[in-house]
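Okay, so here's the structure we're looking at.
Residue numbers (full-length UniProt numbering): 1 to 200.
This is the structure:
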């Protein structure tokens with residue numbers, strides 16, 4: 001078992017989280033029209049850094065293969081998959097990237113499934129940008145980031161890997177992690193520091 005942050009909003013301290021067995025989950029008719037969340041092309045961040053946000057098939061930390069999971073971000077939002085939660089709101093979550101470019105690399109995602117920027121309602125996009133700014137400020141306060149890069153890939157042609165809209169908040173001037181897997185103790189330390197800086 002690994003330590004992960006609570007999805008209940010209680011806690012800046014972590015808890016022991018045992019992921020449930022992954023099973024297929026039906027999407028609502030509206031979500032089903034948007035298609036599956038999992039893509040197949042590699043994400044490309046600025047300067048050609050290849051990125052894999054989640055391992056789509058064989059990632060044992062998600063309880064085995066993910067082939068039966070329609071959308072890993074939806075699973076995280078429902079509390080069915082583990083994540084290091086930095087921020088929770090009614091419409092939006094901020095979680096640490098499992099394969100960070102740099103220390104504190106965070107993803108801001110809508111709780112409801114929207115495939116990309118083109119499907120996002122204005123109010124969700126506005127909330128994602130508001131939270132991205134809060135996270136960026138927390139990265140400066142807690143981690144000493146000297147700059148922050150915001151990245152949103154929209155569509156497979158643009159390098160979107162997980163077909164659930166998300167914004168990368170990537171701190172610069174901190175330790176570069178080169179997309180290696182985030183260790184549990186490292187994730188808890190970083191998430192706790194960011195939550196404290198956010199006051200949550």
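Don't be surprised by glycine CBs; every beta carbon is placed ideally from N, CA and C.
Query, Result
"Nearest-angstrom beta carbon gap, residue 171 and residue 145 [assumed within contact, 8 angstroms]", "3 angstroms"
"Residue 99 versus residue 119: straight-line alpha-carbon distance, rounded", "26 angstroms"
"Residues near residue 166 in its chain [Cβ-Cβ closer than 6 angstroms; skip 5 each side]", "107 and 109"
"Contact between the segment 151-165 and the segment 69-76 (3+ Cβ pairs under 8 angstroms)", "yes"
"Rounded separation between residue 185 and residue 85 - CA only", "14 angstroms"
"Cβ pair count under 8 angstroms reaching 3, the segment 144-158 against the segment 87-96", "no"
"Those residues which DSSP pairs with residue 81 across a bridge", "Beta-bridge pairing links residue 81 to no other residue."
"8 angstroms Cβ shell around residue 95 - same chain, five flanking residues per side excluded", "76, 83, 84, 85, 86, 106, 107 and 109"
"Assumed close pair residue 155, residue 116 - CB separation to whole angstroms, cut-off 8 angstroms", "6 angstroms"
"Sheet register partners of residue 88 (DSSP bridge)", "93"
"Sheet register partners of residue 168 (DSSP bridge)", "107 and 151"
"Burial state of residue 176 (16 or more Cβ within 10 Å)", "exposed"
"8 angstroms Cβ shell around residue 152 - same chain, five flanking residues per side excluded", "117, 165, 166, 167 and 168"
"Burial state of residue 80 (16 or more Cβ within 10 Å)", "buried"
"Check: residue 125 C-beta below 7 angstroms from any heavy atom of the ligand ATP", "Looking at this structure, you won't find the ligand ATP or any other ligand, since it has none at all."
"Pair within 8 angstroms by beta-carbon distance, residue 193 and residue 143", "yes"
"Residue 112 in three-state terms, based on DSSP", "coil"
"Residues sharing a beta bridge with residue 176, DSSP", "102"
"C-beta contact flag for residue 182 and residue 134 at 8 angstroms", "no"
"Distance between residue 114 and residue 27 (C-alpha atoms, nearest Å)", "Here residue 27 scores only 34 on pLDDT, less than 50, and its place in the model is too uncertain to base an answer on."
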